[in-house]
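**Q** Mind looking over this structure? Questions follow.
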Amino acid sequence: QVQLVESGGGLVQAGGSLRLSCAASGSTASITIMGWYRQAPGKQRELVARISANGRTIYADSVKGRFTISRDNAMNTAYLQMNSLNPADTAVYYCSAGSLVVPDVYWGSGTQVTVSS
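Encoded structure:
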């Protein structure tokens, strides 16, 4: 089993920045992919960004150029640097982890990000 704990959420004004962290513990040797999702009120959970063990990344179109996903494999931690935030980015952000075959086996409990206008 793998446990994921997110941190770094909070309230920020439009145009500001936040950095989310996701610390993995447990059977971390099984993790190849780590990702960030978000879910706004009344909306479906959506993929924000994903990163492989070798650093290959993908991003949702809505965050390209503003968000950067990274990971520290030695620390089993993934990060999401979020810049130029706007109210549409307000959501609960969830960390996920898994394998190449099933990228989202494990989930964190989420961290709230609120962007005020």
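Residue numbers (my numbering): -14 to 102.
Quick reminder that beta carbons are idealized off the backbone N, C-alpha and C, glycines included.
Predicted model, so just to flag it, every value in this text is computed and none were measured.
1. Counting C-beta neighbours from all protein chains within 10 Å, is the total for residue 76 16 or more, i.e. buried, or is it exposed?
2. Compare the Cα-Cα distances from residue 142 to each of 90, -8, 55, 74 and report the closest residue.
3. Going by beta-carbon coordinates alone, are residue 89 and residue 83 separated by less than 7 Å?
4. Please list the terminal residues of the continuous beta strand (DSSP E) segment that includes residue 23.
5. When you compare the CB positions of residue 64 and residue 10, do they come within less than 7 Å of one another, or not?
**A** Quick answer:
1. Along the sequence shown, one-based indexing puts residue 76 at 91. Counting Cβ neighbours within 10 Å, residue 76 comes out buried, since at least 16 surround it.
2. A question about residue 142 goes unanswered here, because the residues of the chain that appear run from -14 up to 102.
3. The count along the sequence shown starts at 1 and reaches residue 89 at position 104. The count along the sequence shown starts at 1 and reaches residue 83 at position 98. A contact, by the Cβ cut-off of 7 Å.
4. For this step, residue 23 is matched to residue 38 along the sequence shown. 18 to 24 is the extent of the beta strand (DSSP E) around residue 23.
5. Looking up residue 64 in the sequence shown gives position 79. Looking up residue 10 in the sequence shown gives position 25. It is not a contact, given that the beta carbons lie outside the stated cut-off.
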